[in-house]
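Here is the structure we will look at, set down as structure tokens.
2 protein chains.
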Amino acid sequence: MESFDLSTFLPYRLAILSERISRRLALEYGRSHGISVPEWRVLVHLARSKQASVREIHSYANLEKPRVSRTVAKLQAAGMVRKVTGKQDSRLVEISLTEKGQTVLGEILPAALEFEDRLVQALSAEEHAMCIEIAEKLHAVLDDDPLAPMRSQLDTPD
Amino acid sequence: MESFDLSTFLPYRLAILSERISRRLALEYGRSHGISVPEWRVLVHLARSKQASVREIHSYANLEKPRVSRTVAKLQAAGMVRKVTGKQDSRLVEISLTEKGQTVLGEILPAALEFEDRLVQALSAEEHAMCIEIAEKLHAVLDDDPLAPMRSQLDTPD
DNA sequence: TGACATTCGTTTCGATTGCAACGATAAAGA
DNA sequence: TCTTTATCGTTGCAATCGAAACGAATGTCA
Numbered sequence: 001m002e003s004f005d006l007s008t009f010l011p012y013r014l015a016i017l018s019e020r021i022s023r024r025l026a027l028e029y030g031r032s033h034g035i036s037v038p039e040w041r042v043l044v045h046l047a048r049s050k051q052a053s054v055r056e057i058h059s060y061a062n063l064e065k066p067r068v069s070r071t072v073a074k075l076q077a078a079g080m081v082r083k084v085t086g087k088q089d090s091r092l093v094e095i096s097l098t099e100k101g102q103t104v105l106g107e108i109l110p111a112a113l114e115f116e117d118r119l120v121q122a123l124s125a126e127e128h129a130m131c132i133e134i135a136e137k138l139h140a141v142l143d144d145d146p147l148a149p150m151r152s153q154l155d156t157p158d
Numbered sequence: 001m002e003s004f005d006l007s008t009f010l011p012y013r014l015a016i017l018s019e020r021i022s023r024r025l026a027l028e029y030g031r032s033h034g035i036s037v038p039e040w041r042v043l044v045h046l047a048r049s050k051q052a053s054v055r056e057i058h059s060y061a062n063l064e065k066p067r068v069s070r071t072v073a074k075l076q077a078a079g080m081v082r083k084v085t086g087k088q089d090s091r092l093v094e095i096s097l098t099e100k101g102q103t104v105l106g107e108i109l110p111a112a113l114e115f116e117d118r119l120v121q122a123l124s125a126e127e128h129a130m131c132i133e134i135a136e137k138l139h140a141v142l143d144d145d146p147l148a149p150m151r152s153q154l155d156t157p158d
């Protein structure tokens, strides 16, 4: 027990690294446009899917449902997102980017990609590939664990 | 811009994996003893250092200073930690584990280690080593970045 | 010695978080 | 059809969070 070292504990290692990277990245879109992490994820997802429900964003962007709801509301207030009640099913809302939303995302994306590139450049091609494979194997352990939180669909390799 | 895929974005990948692992691990000490992540880190650090100030825990366990303060107060209220005003320097407090704190940690630790072991077992020795090396290289990128948040001392290889 | 700056731990404050209801709509079954 | 069940998005609430401000104690330099 007294020989236990937090710094070599894998979950801790991952948490520290991930948090540091997230914080640095958040500066990129936070300072320039006041965008938060959840907002960033919603914008990015909408750029792909063109149109999505709260449920979909929740499932794909790894955000709790209430958080998606509030985030979308905020983005709508900022004019970056449009909400339309579903035609066939009036329970769900069709969420999509506005012109402004696309513009803002277009301004943010280059810096985000440039930052990621700096990270990836620090790794050899082999390391990068193994990094992905390792992540996949760790996810697999949790997939087999009934107590582990479910994996969001986006992250599940088809 | 429309070809950007969040799921392959390295910072996102790391965040998702790390969060999932953290949540699962938190169940281990949360369900059995009502211990939260910050409390877990403080306990673990104290088990090593036997005695520490708020500042030290802050620097080594990657927790904000106010958070350490509150966490320690809560642990003290629960009888797991002892706080004594410093002898020479009465600004700092000497924080240490009580009997109860050691007992609780002793009950939590095996499950935590067993969980980590399940993760590590999923990796080959080579993968495990490379995982650490990759983390180190990514940290190095941030170390060179003036805008990146500082790295806590614990995680800095001597 | 006295004025100033620094460090330590705590507290305050506004914002964010997750979880658990909630109302509204739609689907399923009797 | 009518009742029941499930789904969708929202809201309430209590806890937590980080950043800044704070008082207390020490260190520094004239």
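Those protein sequences? They're chains R and L, same order as listed. When the count follows full-length UniProt numbering, it moves up by one through the first sequence with no breaks and lands on 158 for the last residue. When the count follows full-length UniProt numbering, it moves up by one through the second sequence with no breaks and lands on 158 for the last residue. Where is the CB? At the ideal position from N, CA and C, for every residue including glycine. Computed from a predicted structure; not experimentally measured.
Neighbour-count burial assignment, residue i, 16 or more Cβ in a 10 Å radius
i	result
residue 84 of chain R	exposed
residue 77 of chain R	exposed
residue 129 of chain R	exposed
residue 70 of chain R	exposed
residue 13 of chain L	buried
residue 125 of chain L	exposed
residue 147 of chain R	exposed
Under the three-state DSSP convention, the category residue i falls into
i	result
residue 10 of chain L	helix
residue 94 of chain L	strand
residue 187 of chain L	Past the edges of chain L, shown from 1 to 158, lies residue 187 of chain L, and the structure says nothing about it.
residue 82 of chain R	strand
residue 149 of chain L	coil
residue 126 of chain L	helix
residue 20 of chain L	helix
residue 137 of chain R	helix
residue 175 of chain R	Nothing in the structure corresponds to residue 175 of chain R, since chain R is present only between 1 and 158.
residue 117 of chain L	helix
residue 99 of chain R	helix
residue 87 of chain L	coil
residue 64 of chain L	coil
residue 143 of chain R	helix
C-beta contact flag for residue i and residue j at 8 Å
i	j	result
residue 106 of chain R	residue 80 of chain R	no
residue 24 of chain L	residue 20 of chain R	no
residue 122 of chain L	residue 120 of chain R	no
residue 37 of chain R	residue 22 of chain R	yes
residue 127 of chain L	residue 132 of chain R	no
residue 10 of chain R	residue 116 of chain L	yes
residue 104 of chain R	residue 58 of chain R	no
Inter-residue CB distance, residue i and residue j (contact presumed, cutoff 8 Å)
i	j	result
residue 44 of chain R	residue 6 of chain L	5 Å
residue 108 of chain L	residue 52 of chain L	In fact, because the Cβ distance is near 19 Å, the residues do not count as touching under 8 Å.
residue 39 of chain R	residue 74 of chain R	7 Å
residue 63 of chain L	residue 97 of chain L	Not quite, the Cβ-Cβ distance comes to about 17 Å (not below 8 Å), so this is no contact.
residue 55 of chain R	residue 113 of chain R	Contact flag wrong, Cβ pair sits at about 28 Å.
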